[in-house]
Amino acid sequence: MRYAMAIDTKKCVGCTDCVVACQTENFVPIGSSRDWIVEEVKGKFPNLRMELRSERCNHCANAPCVRTCPTGSSHYADGGIILVTPNKCIGCGACVVSCPYDARYRHTGGHIDKCSFCHHRVTQGMKTACAMVCPTKCIHFGDIDDPESEISKILQTREYYTLIPEAGTEPQHFFLT
Amino acid sequence: MNISGRLNEFVDPTLTIWPWPIPLYLFVGGMAAGILFFCGLSYLQGKSTTLEAAVFKAPLLVPILLIVGLTALFYDLSHKLYFWRLYTSFRIEAPMSWGSWVLAVVTPLSFAWVAITNRQYLTVIYDKFQWLLKIEDFLVRNKKALAWMMIIFGILLGIYTGILLSAFNARPLWNSSILAILFLVSGLSTGASAITLFSKSKAERHYFAKIDLGLIGAELFLIIHFLMGLLAGVQVQIDAARMFLGGPYTVSFWLFVVVLGLAVPAILNVLELKGKKIPYYIAPILVIIGGLFLRFIIVYAGQVSTWM
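One line per chain: the protein sequences are A and B, in this order. Whatever position you read off the first sequence (first residue = 1), add 1 for the numbering used here. Whatever position you read off the second sequence (first residue = 1), add 64 for the numbering used here.
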């Protein structure tokens with residue numbers, strides 16, 4: 002079982018509903034975000050192209066944040082989801098420094114926090130909060146080890162890329178082009 | 065590339081999660097490591113009488129340096145009540161875990177050495193707490209082992225901070241294995257300088273001036289090598305090196321670290337060894353300030369350097 006997410010960049014409109022839904026669902030402190038929108042403009046005026054995508058923690062298979070955590074607070078859980086155990090976290094910030102995707106933030110409670118792929122929802126068979134509210138249904142989530150899952154099927158039919166694969170993190174977050 | 069929906073403190077617009085306490089600790093840790101190393105080495109070489117500052121005087125500073133460093137690290141934690149979690153696990157793949165255990169050994173070790181080399185001043189305490197004499201006796205009988213431990217753990221303390229930074233593949237500036245040796249050499253250099261400042265013997269000062277000269281030479285070579293390695297790397301590493309070669313950290317790095325922190329003290333040391341009359345404290349103070357600047361610039365610039 003390996004949970005992964007795929008964002009259809011042709012459908013994302015950058016509305017940030019995913020950001021708000023996540024903040025509501027996961028009681029994210031005001032001023033912090035577990036996910037965000039990236040607008041990337043390419044080309045030279047007037048031949049411009051813009052890509053919009055919803056980004057978050059990539060739940061990497063070779064996560065530097067898990068490797069550098071001195072207490073084991075950052076760990077691999079079900080399906081490769083990376084979670085933080087708050088009462089093991091000392092707030093040293095090593096994981097924040099080690100994330101090439103800037104996915105982590107300091108929770109007001111003192112521990113370090115990030116997207117959890119809505120672990121509390123997906124282990125109950127529900128979808129992640131962001132996937133549920135996305136108005137264009139551009140967020141696909143599921144088990145990529147299951148060839149029949151929605152996400153496996155869409156990854157078979159569409160071109161996709163991952164962010165900074167050369168950083169060696171093996172991200173499990175895909176962007177359909 | 066625009067990010068919307070995220071303005072996380074300490075992360076946006078650039079990473080600032082490790083402010084001044086971290087480079088301060090790296091600096092005092094490095095200097096403590098250097099002093100411990102030369103203390104143990106000088107003792108084992110039988111030079112306790114000629115290198116008095118190395119074996120007896122400068123080590124007095126180490127417990128203070130370590131307490132300052134540990135306080136800085138503790139202050140930096142955002143989940144302070146759980147700091148003890150560092151000591152309920154050892155994670156071999158996490159350099160920060162090695163570091164917390166190295167500090168757990170080095171700190172009492174430095175106190176132990178100070179205690180047994182200054183027993184004449186502690187008789188008041190031993191009179192009151194007789195049981196301490198048993199421990200002190202054990203330590204004195206194993207003085208040689210303590211000296212070896214100071215050498216080994218001095219090296220570990222000096223080198224692990226560089227390994228720690230180089231283990232972060234997300235920070236292109238730090239992601240060079242040379243950083244480990246650079247930090248060790250810098251730590252030894254600031255340690256040797258501290259010993260020189262404590263010394264009242266011209267022979268000892270010249271001895272450490274020679275050692276420091278070698279270490280400064282090594283440090284200059286390592287800095288050039290470090291930048292060359294980055295320039296021969298991938299695009300983000302080239303961008304990282306450019307921060308020091310025309311970018312925002314150019315002047316502070318070359319002026320405060322290389323010129324004032326390395327080149328000028330090296331020249332002063334050469335002149336002093338040749339017999340010119342130069343106040344002995346100028347070069348060591350410059351080296352120490354240079355070491356502080358090196359740590360600050362690398363930690364701050366490293367957080368700015370990024371893949372995205």
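Note that beta-carbon positions come from the ideal geometry of N, C-alpha and C, so glycine has one too. Remember, it's a predicted structure, so these values are computed and weren't measured experimentally.
Item, Value
"Could you tell me whether the Cβ of Gly32 (chain A) comes closer than 8 Å to any Cβ of chain B?", "yes"
"If you draw a straight line from the C-alpha of Ala22 (chain A) to the C-alpha of Phe28 (chain A), how long is it?", "10 Å"
"Is it the case that the Cβ atoms of Cys58 (chain A) and Ala104 (chain A) are separated by a distance below 8 Å?", "yes"
"With DSSP as the reference, please indicate the residues paired to Arg54 (chain A) in a beta bridge.", "A:Val39"
"Restricting to runs no shorter than 3 residues, where is the beta strand (DSSP E) found entirely within the segment 44 to 96 of chain A?", "48 to 56, 75 to 77, 83 to 85"
"Closer than 8 Å by C-beta to Ser150 (chain A): which residues in its own chain qualify, once you throw out the five before and the five after it? Chain order, please.", "Gly143, Asp144"
"Counting Cβ pairs, one atom from each stretch, are 3 or more of them under 8 Å apart for the segment 286 to 297 of chain B and the segment 238 to 246 of chain B?", "yes"
"Measure the CB-CB distance between Gly355 (chain B) and Ile38 (chain A) and report whether it falls below 8 Å.", "no"
"Can you confirm whether the segment 63 to 75 of chain A touches the segment 139 to 154 of chain B when touching is taken to mean that 3 or more C-beta pairs between the two stretches lie within less than 8 Å?", "yes"
"Skipping 5 residues on each side, what residues in its chain have a beta carbon closer than 8 Å to that of Trp371 (chain B)?", "Ala234, Pro236, Val300"
"In chain order, what are the residue ranges of uninterrupted alpha helix (DSSP H) at least 4 long that sit wholly in the segment 249 to 316 of chain B?", "266 to 295, 299 to 306"
"On a CA-only basis, which of A:Tyr102, A:Ile83, A:Arg107 is nearest His143 (chain B)? Give me that one, please.", "A:Arg107"
"By the 9 Å beta-carbon criterion, what residues does the segment 15 to 28 of chain A contribute toward chain B?", "Gly15, Thr17, Cys19, Val20, Val21"
"Among A:Gly126, A:Arg122, A:Met2, A:Val97, which residue has its Cα nearest to the Cα of Asp114 (chain A)?", "A:Val97"
"How would you list, in chain order, the residues of chain B whose beta-carbon sits under 8 Å from the beta-carbon of Tyr92 (chain A)?", "Rather than Tyr, the amino acid found at residue 92 (chain A) in this sequence is Gly. Under the 8 Å cutoff, chain B gives Leu141, Ser142, His143, Lys144, Tyr146."
"Could you tell me the distance, in whole angstroms, from the CA atom of Glu200 (chain B) to the CA atom of Leu173 (chain B)?", "12 Å"
"Given Gly366 (chain B), which residues of its chain have a CB within under 7 Å of its CB, disregarding the five upstream and five downstream residues?", "Leu229, Arg235, Leu237, Trp238"
"With three or more C-beta pairs closer than 8 Å as the rule, is the segment 96 to 108 of chain B touching the segment 213 to 233 of chain B?", "yes"
"Scan the segment 70 to 99 of chain A for residues whose Cβ lies nearer than 9 Å to a Cβ of chain B and list them as they occur along the chain.", "Cys70, Pro71, Thr72, Gly73, Ser74, Pro87, Asn88, Lys89, Cys90, Ile91, Gly92, Cys93, Gly94, Ala95, Val97, Val98, Ser99"
"So for Ala104 (chain A), helix, strand or coil by DSSP?", "coil"
"Mapping DSSP to helix, strand and coil, what is Ala234 (chain B)?", "coil"
"Have a look at B:Ala347, B:Asp140, B:Leu105, B:Val322 and flag the residue whose alpha-carbon is nearest the alpha-carbon of Leu210 (chain B).", "B:Leu105"
"Identify the contact partners of Glu167 (chain A) in chain B, using a Cβ-Cβ distance below 8 Å as the criterion.", "Val298"
"Under three-state DSSP, which class holds Met161 (chain B)?", "Sequence check: residue 161 (chain B) is Ser here, not Met. Looking at Ser161 (chain B) - three-state DSSP - the assignment turns out to be helix."
"Counting only the same chain and skipping the five closest in sequence on each side, list residues whose C-beta sits under 8 Å from that of Leu277 (chain B).", "Ala330, Asn333, Val334, Leu337"
"The alpha helix (DSSP H) with Asp201 (chain B) in it runs from where to where?", "195 to 205"
"Do Cys116 (chain A) and Leu53 (chain A) have their beta-carbon atoms positioned less than 8 Å apart in this structure?", "no"
"At the 8 Å Cβ level, is Ala176 (chain B) part of the contact set with chain A, yes or no?", "no"
"Against chain A, which members of the segment 353 to 369 of chain B pass a CB distance test of less than 9 Å?", "Gly366, Gln367"
"Just how far apart, CA to CA, sit Trp212 (chain B) and Trp177 (chain B)?", "12 Å"
"What first and last residue would you give for the beta strand (DSSP E) that runs through Phe176 (chain A)?", "174 to 177"
"Give the straight-line distance between the Cα atoms of Trp162 (chain B) and Ile223 (chain B), rounded to the nearest whole angstrom.", "11 Å"
"Going straight from the alpha carbon of Ala168 (chain B) to that of Trp148 (chain B), what length do you get?", "11 Å"
"Any idea what DSSP makes of Ile86 (chain B), helix, strand or coil?", "helix"
"Just to confirm my understanding: we take Ala377 (chain B), look at its own chain, exclude 5 residues before and 5 after, and list those with CB closer than 7 Å. What are they?", "For chain B, the structure presents residues 65 to 372; residue 377 (chain B) sits outside this window and is missing."
"Decide yes or no for the touch test of the segment 241 to 255 of chain B against the segment 268 to 288 of chain B: beta carbon pairs closer than 8 Å, at least 3 of them.", "yes"
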